[in-house]
Structures are given as C-alpha cells and as structure tokens.
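Below is one structure, written out as structure tokens; comments come after it.
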Amino acid sequence: MPLNNMELTDDFQVGKKMYDWAKDLFPVGRSITGQGVRDTLNYIKNKLPELKLHGIPTGEKVFDWEIPQEWVIRDAYVIDPQGNKILDYKKHNLHLMGYSEPVNCEMDLEELQQHLFSIESMPHAIPYVTSYYKSRWGFCIPHAEREKLVPGTYKVLIDSNFVNGSLDYGEVVIPGESKEEIYLSTYICHPSMANNELSGPVVTLALLQWIKSLPKRRYTYRAVFIPETIGAVAYLAKRGKELKQYMKAGFILTCVGDNLAYSFMPSRKGNTYADKIARFVYKDLGLPVKEYSFLQRGSDERQYCSPAYDLPVVSLMRSKYATFKEYHTSCDNLDFISPDGLYGGFAINRACLECIENNYLYEVTIPCEPKMDKRGLRSSIGGPRVIEPSMANMMNFLMYADGDSDLIDIAETIGVSFLEAKQLANLLEKHNLIRKI
Amino acid sequence: MPLNNMELTDDFQVGKKMYDWAKDLFPVGRSITGQGVRDTLNYIKNKLPELKLHGIPTGEKVFDWEIPQEWVIRDAYVIDPQGNKILDYKKHNLHLMGYSEPVNCEMDLEELQQHLFSIESMPHAIPYVTSYYKSRWGFCIPHAEREKLVPGTYKVLIDSNFVNGSLDYGEVVIPGESKEEIYLSTYICHPSMANNELSGPVVTLALLQWIKSLPKRRYTYRAVFIPETIGAVAYLAKRGKELKQYMKAGFILTCVGDNLAYSFMPSRKGNTYADKIARFVYKDLGLPVKEYSFLQRGSDERQYCSPAYDLPVVSLMRSKYATFKEYHTSCDNLDFISPDGLYGGFAINRACLECIENNYLYEVTIPCEPKMDKRGLRSSIGGPRVIEPSMANMMNFLMYADGDSDLIDIAETIGVSFLEAKQLANLLEKHNLIRKI
Amino acid sequence: MPLNNMELTDDFQVGKKMYDWAKDLFPVGRSITGQGVRDTLNYIKNKLPELKLHGIPTGEKVFDWEIPQEWVIRDAYVIDPQGNKILDYKKHNLHLMGYSEPVNCEMDLEELQQHLFSIESMPHAIPYVTSYYKSRWGFCIPHAEREKLVPGTYKVLIDSNFVNGSLDYGEVVIPGESKEEIYLSTYICHPSMANNELSGPVVTLALLQWIKSLPKRRYTYRAVFIPETIGAVAYLAKRGKELKQYMKAGFILTCVGDNLAYSFMPSRKGNTYADKIARFVYKDLGLPVKEYSFLQRGSDERQYCSPAYDLPVVSLMRSKYATFKEYHTSCDNLDFISPDGLYGGFAINRACLECIENNYLYEVTIPCEPKMDKRGLRSSIGGPRVIEPSMANMMNFLMYADGDSDLIDIAETIGVSFLEAKQLANLLEKHNLIRKI
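Here's what the structure looks like:
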C-alpha cells in the first residue's frame, strides 16, 4: 500500500476499530425505514458528531417513488406441531421476510410452505428476502431444516404493523478549500449481514474520521448513509442539483470487508474523473482487480449514474455483491469479513482520495530546461552520459509539466509511481521550477 | 433473417416475383441510351405507376460529360467463308460491341481479327464490350469458336446509326413524415446480363413496392433507375444539391441476385450513417460478409461519393462485381441468379431500411430508475438477486436511453438484437418511461 | 532512395564532400565557447557565405542560464616520474577535461588519480569529460595507460585561463515563398569527435547548399550552428518567439554519420507535422528504423520541445547518441563515420524536406469523375474490367483529393509511393483536374 501514510500499527488498529463497529451494529434489525435505521445512524453519529440526521415523511413523492410507511416489528415466530418455537425473529432477524404484514393464526404445513423461502444449494443458510412494496408475509429457513418439517398444525405469529413515519438518513459535509466535492455514499438498510451491509458504513466512517484528521483539504467532502435504492432516489430528489454542480468524483462504499478480491464497478460513462483515479490507483498499487461491466451494476450507481444525473460515481469493492455465494444470506456474517479485509477496502478508497487531493495540474515556471546544478540538483560534470534515475525523473517531470497534464498523467508518462511523482513535484515546487495550476 | 416481417411463403413469392421480372427483361437490348432503356423503364413503370420517366437531350453538358447520341441497332452479323451467318446480334446481343458504328463490307480473317474480342480462359463465354465514346466497331465471340475461324473472305454487316435523342431514366419519390431522404440507385444499361444488371432493378422494384405498402414512413424515399456512370453524373448535375441536402443514407443496388456471398462496399468516408446501419445489420443478422475497400469500388459510388458530393452511399451486394468469373460475360445469365439469391439481396437491403425507420434516439422521461413494479413490470420480491433477463434488459435500456444513443447504440451496448431492442423500446414507450427524440 | 533526385555519381560526391569537411574540422579544439567554435563557424561560412555569425557576451542572462566566460587553452600535459610528457593536449585534445582551470604544480600519483578519468571497459579509449559550470581540472586517459602509471612525482601543467568574451553561433535564413519556416539545428561544441559532433554540421551544410540550389522554395529555411544546450537556450531566448510563430517543422542534425542504423527521436508531443513527415518518409523509403521514446531524448529537443515552446522538432539520426559504445570517447573518430554513412544521414533528412516542399493539400476541380478519355488519359473501351494500375491510381487520387487530405494522406490511402503520388498530382494538375489549396 504505497499510498498509505499511516504507521503499520495504525493500520491494524484501523482494521480492528472498523471490525468492532461492525460487531456492534450486526444484531440491529435494519430495514429501509424504522427504528433499526435510526439506531444505526445514532451509533455512527456517536463516532462522528458532525453527522446530520434527516427524515423524509411517509407519503412524500420522490420522482417516480413514494416514501413508504415505517415497518414496526416486535416479534415473530412459528410454533411447530410439537410445540417448539422455530424461525424466531429474536434469534435471527433474517428468519422474517422484511416488511412482513401481521399474522396470528394456525395453518397446516402445506399452507405454511407457501410462505417459506430457502436455498436448496446452501442447506444451512437463511436467505435474505424482503417485500417492501407489496403486502405479504414470509419466513426464511435453512433448507436442511425445511426438509425436517413434519405435517401438522403450525401456529404463526408476526407482531408487526405499519405506521406513518419517515425515511431516515445521515449526511455530513466536511468543508475544503474548494466548493468542488468528493462524494461518499453507503447504505444502512440490511439487517444482520456483514459484507453486503456493515462493511460499507464502517469503512465510510473510518474514511470520514481520516478526512477530518487531515491538516487541510483541497476538496469538500460530502457523505451519506442512506437506505439503498429508495434512499438514493430520495437524496437525488433533494440534492441532485447540487451533486451535479459540485461533484468531482464519487464513491459508493459497498462490499468492502472480505479479503478475497478487489473488484471495480466503473461509472456509466466509464471514463469520468472517478474512473481515471480508480484505474490509476489499482495500477499504481499493483493490485490485481476485476473490472466489471456497468451492465453488472447493482447498487446505487443505478440512481447516481442514471441518464438524468450521469454522475462520476464508481465503486472500489472487495468481492462484488451477487458474485459470492454468501451474498444475501446468513452466511454473509462476521466471519466473512475481517479487520484485514476491511482495511483493504479502507486503504484502496483512501488511496483514491489521497490521489485526488494531490492530483494537480503542473506547469513549468521557466522556459527551456532550468540550470539544475546551481540549485544543487545536478552533478556539474558532463561525461559519458550516466544520468542517475532521479535526475532523469526530475528532467522528465519538468518536460511534461505542460499545464495540461495532471500528476497522474505525468506519473504514467514518465513511468514513476504516484508517490515518486508527488515527491518530485514537491521538490521541484520547493525550488520554484513548477507551479500548480 | 430476424428483421424479416413477411411470412415465409411471402418471401418465396417475393423471390420468385423478382426472378420472373428478370426473365422478362433479360432479352432486352439495353445500352446507356436508346429503345432498350425505354422498354426497360416502361416495364418497371407498369409495376410501379408512380415512376416518372425523364430524358436529357443529346448534347447537353453534365459537368465534365456530354449526353451522347442514341445508338440505333437494327441488325448485325458476320457471314463466314462457308456462307454461315455467325455472331448474329439477333441471337445474342452480347455478340456486338456496344455502340458499334455501321459497317457493310468484306474483309479477310486477318483484318476481322482486329475487331474480335474473346476470353481465352473462358472459351465458351461471350465477353461484354462497349465503346461508348469513340467510334469503333467490333464483335464478341467465345474463344473456342474464334479458334475455329478459317482464312477467307468474311462479310460484315452492322446496320446501326446514331441519332439525336435522349438519355432516359426513371425516378420515384415516395413521401414520408420527414423531408430527409433514403436514396436507392440502380442501373439499367447492360444488355442480357443477370447479376450485374437485372438483379439491381428487380430488387429495387420489389423494395419500392414494399416501401409503398408500409402503413407509414418516417423518411422520404427517392429511387432512380439510371444508366451507370453517365446516368449518375447526369442525375447529380440535375439533383445533386437536393441529394446533398436531404440524404440520410443511400444504397446502390447492384449484384444482388446470386446466392454465393454477401459483400459490402462502404462509402468513401467509411463511417457515415449508411455505413453504420449496414455494418450493424450484417452483425445483427449474423451474416458472414466480405467488406471491400473503397479502393475496389466500381459502380455509381464513384460519382455519389466523389469529393464534391461525398454522400453517405453504400452497396450491400451478394457477389461483388468484378470478383466472379461470369462478370461481364454471357455466363452472367439467368442461371447465375436465383429466386433465393435475389431474396437474400432484397432482405439484407430491406433490413437496412427497417433498421433506419426504427432507429430513433431515446431518452428517459423520469430521473433515476422508475418504480417498475407499480406498472406490473417487475417482481416486488427482493431476494437472492435473480433478475430475469428481460427485466435486466429493460433496466439496461433505461440506463442507456440518454438522448445521445440511438436504438443501434443501445442494442450494441446492452447486448440484445435489434428486434429485442425494438420490443423493449415499444414496451417502455407504451409505459411513458422513454420518449423518442 | 526513391526521393533522391540527384544522380548516383552526385550522391557519392556529396558523401565524399561531407567526409572531407569532417576531416578538416576534426582536429579543431572546440568547446561551448572560444576560438575553436569561431574557427569552425568560419570554415562553414567559407562554404556558405550567407551564414551570419553572432556572439552573445559573457555574463548575459538567457532564461535560467548565464553566458559563461570563454575558456582559453594554450597547452596542457603531465610529466611522469621518468620525465616523459604524457596526456599531451596538443596530441589529442580529449586528454584535457573541457574548461579545466589553470594548474602548474607537482603532486604524487595518489593525488593525480583524483583528477584522472578513464573507462575500464574500453581500455584504449580516451573519455570525453567537461566541467563547464564548476571550476575543476582533470585529464582523460585510456584505462590501459592509467594502470601503467607508477608511483612518484608528477608535474602537471594546464596553461589555460578564462576571459570575458562571447558565446558564438552561426545562423542562416534562406527565404522561400512562404514565411513559414523549416528549421535545422546542429551543434559545434565538441572537440575531436566525429559522429556525435561533426556529422551534424557537415550534413547540415550539405543540406543548406542543396536548399540554396533549388529553383524555388515553398518554405523559408532557417538553420543554426550552435553549442549544444546553452546555445539552444540562448537562441530560444533571442528568437524563440519567431520560431514558435513560423516553424512548420524542425530537424536536429546529430549523429548522422555512421552506417550502422537509422534512428528516430520524435517530438515531445509525438504527433506534430514533423513527426508525420518523418514517419512517412521512413515508411516510404522502406528503411528499417528504431523509433525511440522521447524519454530517451538527449540533444537540443530538450530545449526546443520544452513546454514553454513545445516546437515540432524531431531528429532523424543514424546511430543515436548514447547508444553506441564509441559515444563520447576518442573512438568516435573519422573511422566511425564514412561518406556512405553521412550520405544516408543527408538523404533521409533531405527526403523529409522534399516531402514537405511537395506536401500540398489538393482538391478536385470538377464534380463527379472527370471524363478521362477526352483528355487522352483513359482507354475508351469498356470490357472485362482490367483497369491498368496507373489508371486506377489516377481515379483513386481524384477520389481522395477532397481538400482535407495532403499528398502524404493520399499516398497512404491509395497505396502508392510519395514519388508516384507526386507524379499523379503533377499529371492531374496539368490537366486542371485538381488544384493545390
């Protein structure tokens, strides 16, 4: 991680800190609205007091969508013919289909089966199922247990109801020298899942603490913690115009916690500033990365990159959603992510931010080559030309500091790492041989 | 032929109909001017009453060229030393060099040989030779027969003369909603040859009948039946300014009757709208096609694409002129073309027209993704993400309906056929989720 | 060498003439300033009376640099413990480090060793070493001789001093029809070396004599004979604004005398008019050429192409500086270059100039294809299409004379050599079928 400017011991602590947050937040019964979302936002606000909490009331129209009622869930379970309590929501919140309507009745197994969801190929996993926008009820069950259910009378209880309330989200703006913004977006709407839920908020939180700690910021940073899809639609309805006006680059933080892969989802256009930064950072760090097609998108780029906004938003992930078998099941748990995995997700996204902060256009201040030796920057003997690499790099940097090339362009053209390019830029700027534009 | 909207039985009938027309027109003694041209145009007008016949008088200047006199040919033959009538024009009009001046005299074999044309490598073929712009006479003979000619006195008769008349051509304009035009051009100046003559007019005629039959037309269609080269020069002199102003895409119909290959001649620029359409259609239909270099051009693109006009004109052929051995000989006869071959030429060009008619730019009507389930377009259960392909295609279409992408662009980006793209467009437009621009 | 318009015997004479000049100039003790430079410039002026000699006084600021004092060197040698005179400047001027300060003293071998330069891997070569901008002294010695030096007392004499004087250079402007300029730059600052010094001035001189001999010139030619680096900086400080305003293409003449390779150094941008010309000429002549990266630059493109000027300047070399082992040693002598080698360097650069002089944009004068036969340019018989290549080339030329394509573009598109393209252009222009823009 050459772009890393923390001590190694700090890195471990960052990884561990994020993992501990994920552990705290894991049991919370989140959905797209309701108390679970508010509990999650309050936990984050506790670590990041600048976070502002907003709510959009039930029934408000956001483009083609409408803010739904809040789902209140108090208890849910099934009593089997032997009198055993099974599928207990209080034991695992994935047992209950999200947004299930209230039920209190008895039925035989055949009828119950109509309301059960399981995955035959993963017999021990509880699948994650929701029905946000149509009244239904259901339970999710490991397939192995489903096969053991016996005929008889089952008692089903779902103690839920729907109330007018709000769609809650958190937003923070950390000002920088420029009004241009770097945007971070993550979601807080899945119940007990780790990679495809909690990795996003905890890495985003760690990034924001790091951004706050910077002595100065070139760009303004805006971050949101929103429910996926409806939250992104709603936020665009509220702030889309500003995002379009100020966004320099945006990053969706999702699936950044496992340790199996690095995955990249480009923007719709595929060649925005955010795409340039991301592709350069992967190459600069020497990370093997799988770049996906935008046709394989699945998170809030579906809203941010839709034609009416078409924002420069990308995702730098570990294992991409919908590509690992644990996805959207109870197996996406705290064992699937790790401090190391979270740290990798944190580091690659932080590298992008560091790159953006430093990626100035440069231009030379002096026509022709400067006289380097009078500044102590060059040997004054000319002989069988053996220019030391650093000397060649300095002269090459000056040659491409043409006012049209940014630090990434120069690094790529002259064949040095971003860190080396930045050190060259600092040295040459100190000697007044180049200036930022 | 996925773009085909006719019944299979209709297709056979179209092929047969075109072949029958070719049979009717085969014996006519066409040249660049004269009665053969007029007979051919009248035959076509009989099937397409909208066709307007025009004549440009002998002597009129058309750019660098001048309309020649008409060549009137009544009879031509040679009497050999044994008194046999050979090389009889009335038996095969290719025996006589086109535009031969009148002759009535005797000569020995040695002198006659100066006026004979044959092809050694095709001993049984009569070559096709003309001398439009210089006074000459000549006979064309199968090489095998030429070798049997014996010394002695030959009587030569060519009962021809030249008269002031006109260069005749046919033109039809079928109006559409837009003044922008799709242009079809074919030629009617070769005598008894099938692929490199009659395939063009009969396929063009069938296309025009099909165009007329459409319930509505987005574009205006303009078609011409002209003598090759001088006819295209003359037509550009008359109507070149309009063509330049209104032409959206143009197609030269030539060599569209055999069943051996599909061949593509791009425009001079190589990347016009007509080129885009043609290359997409070949790919969409999965047809193997040989794309030629514009350096291998040979028909009226020589005029349409010349720098002063530089029109978006291409040719979608079966076997390209000058690439098959039968070309410009008596072997390019009714056995070389077929109903199937003609149908292939018809279908590929019609596919282009269908593609053009449907190739709108689309833009979404709603910011962000629309709520598909409330329109019955999506399952309302979210679970282990298994989006059916048609759902994914719908969302992908919406994502690329950005106002800059036409139906071809969208189909290529999201990886569906043109027919599928059109069905998606129709469905989404019906639900007011996209609109044409 | 198809672009060559001299007789073969002339070519040999050009090669021999240049080699003889190099022989004359070889012994002169050049440096970046001083009498050696003036002697060299006067020799050239003798062959090219139009050459204007200029001097910039010691102490004048040129951008980041300052014109140094002149180095006056009268004698230099070492007397070894046996009383032998070694490292005698009068025997080989490379023995003395350039710009050595005066010395007259005795020292033991250990101290002397601090001032000796040799190359272990080339035991018989005297290296070329200078210290222009820092006061030092030193001697350069074949490594084999250095190893034979015995302990004892050495007497060291360097009879040099530094005086206020000037930096001298030569400049010639040969006017043409246009104020746009073709620029030639070569350097005259190395002592007795052949490829990496004298090949440049002698080939430039021969090119200028050839340019003068042309009956007319489309472009103005400007050439300079300058010391490398400081001379180019100084010349840009004086004339950079004019160069930027008028330069169409520029060529640095360096390392153009050996017979081992052809090497190309592109401009910084890599796609200027000079790059286009050079790459085309290599291809047109069928010469195998090694194209170097601009990162491997090393001559005055370091100044001409620096961002503030960014001029279209390239080098067409034989073996590139710093790539052959003889470079910057006494082995880069008159045996390393040859009349043939110099002629190759001359011919490839002259081919570029001939190409530039003839590389007009062309446009047709007549809409559609012209009637070629009435101008005697085409057979009037149309038959089995066998267009002779020259006929096809003529029609192809007309097809691409679109006002946007220059002669190089047309030659590349229609697949003919530059010479053929020029002959076609001349013929078509003579018949008023095309005109230059």
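First to last, the protein sequences are chains A, B and C.
Residue 1 is where the first sequence starts when you use this note's numbering, and the numbers rise one by one after that.
Residue 438 is where the second sequence starts when you use this note's numbering, and the numbers rise one by one after that.
Residue 875 is where the third sequence starts when you use this note's numbering, and the numbers rise one by one after that.
Ideal Cβ positions, reconstructed from N, Cα and C, are used throughout, including at glycine.
Per the coordinates, the alpha-carbon of K1296(C) lies some 39 Å from the alpha-carbon of V693(B).
Boundaries of the beta strand (DSSP E) harbouring G687(B): M684 to I689, taken from the DSSP string. By the rule that beta-carbons nearer than 8 Å mark a contact, D1132(C) does not touch chain A.
With a threshold of 8 Å between beta carbons, E369(A) makes contact with chain C. If you draw a straight line from the Cα of D695(B) to the Cα of D772(B), it is about 9 Å long. Within 7 Å of the CB of I1288(C), the CB atoms of chain B belong to L732, in sequence order along the chain. With respect to chain B, the C-beta atom of E1237(C) has a partner C-beta closer than 8 Å. Contact between the stretch 518-534 of chain B and the stretch 604-618 of chain B is absent, with fewer than three C-beta pairs closer than 8 Å. Under the Cβ criterion of 8 Å, G403(A) is not counted among the residues facing chain B.
At least one C-beta of chain A is nearer than 8 Å to the C-beta of N833(B).
DSSP places H54(A) inside the beta strand (DSSP E), whose first and last residues are K52 to P57. Taking 8 Å as the CB threshold, M391(A) stays off the interface with chain C. For G687(B) and D605(B), the gap between their C-alpha atoms comes out near 21 Å. Closest option to E924(C), judged by alpha-carbon separation, among Y1093(C), Y1109(C), P1049(C) and R1113(C): P1049(C). Within a 10 Å sphere around the beta-carbon of E543(B) sit fewer than 16 other beta-carbons, which makes this residue exposed.
Inclusion of Q943(C) and V1003(C) in the CB contact set at 8 Å is not warranted, their separation being larger than that value. Under the 8 Å criterion on CB atoms, D332(A) is classed as non-interfacial with respect to chain C. Counting C-beta atoms within 10 angstroms of its own C-beta, N796(B) has 16 or more neighbours from the protein chains shown and is therefore classed as buried. Distance between S1279(C) and A1106(C), taken at the CA atoms: about 34 Å. Not a single CB atom of chain A sits nearer than 8 Å to the CB of Y1057(C).
Taking 8 Å as the cut-off, the beta carbon of V1076(C) is found closer than this to the beta carbon of L1216(C).
For R948(C), the secondary structure class from DSSP, reduced to helix, strand or coil, is strand.
By the Cβ-count criterion, E984(C) is exposed, with fewer than 16 other Cβ atoms from all chains shown falling within 10 Å of its own Cβ. Straight through space, the alpha carbons of N1145(C) and Y951(C) are spaced by roughly 50 Å. Taking the beta carbon of I1240(C) as reference, the chain B residues within 8 Å of it are F500, D501 and A745, listed in sequence order.
Distances from the alpha-carbon of Q35(A) to those of P191(A), Q82(A) and H115(A) put P191(A) closest. Taking all protein chains in view, the Cβ of H124(A) is surrounded by fewer than 16 other Cβ atoms within 10 Å, so the residue is classified as exposed. Assignment of beta strand (DSSP E) within the stretch 1074-1112 of chain C, counting only whole runs of 3 or more residues, yields 1094-1100 in chain order. Secondary-structure assignment with DSSP links D605(B) through a beta bridge to G492(B).
For L1134(C), the number of other beta carbons within 10 angstroms of its own is below 16, and it is reported as exposed. For R1020(C), there is no enclosing beta strand (DSSP E); the residue is found in the alpha helix (DSSP H) stretching over H1017 to R1020. Boundaries for D712(B): no beta strand (DSSP E) harbours it, while the alpha helix (DSSP H) harbouring it runs Y710 to L722, taken from the DSSP string. D409(A) has a beta carbon lying at 8 Å or more from every beta carbon in chain C.
Within chain B, the C-beta atoms nearer than 9 Å to that of M1273(C) come from R705, F731, L732, R734, R739, C742, S743 and P744, in chain order. With respect to the 8 Å criterion, M684(B) and Y620(B) are classified as neighbours on the basis of their beta carbons. For D340(A), no CB of chain C lies under 8 Å from its own CB, so it is not counted at the interface with that chain.
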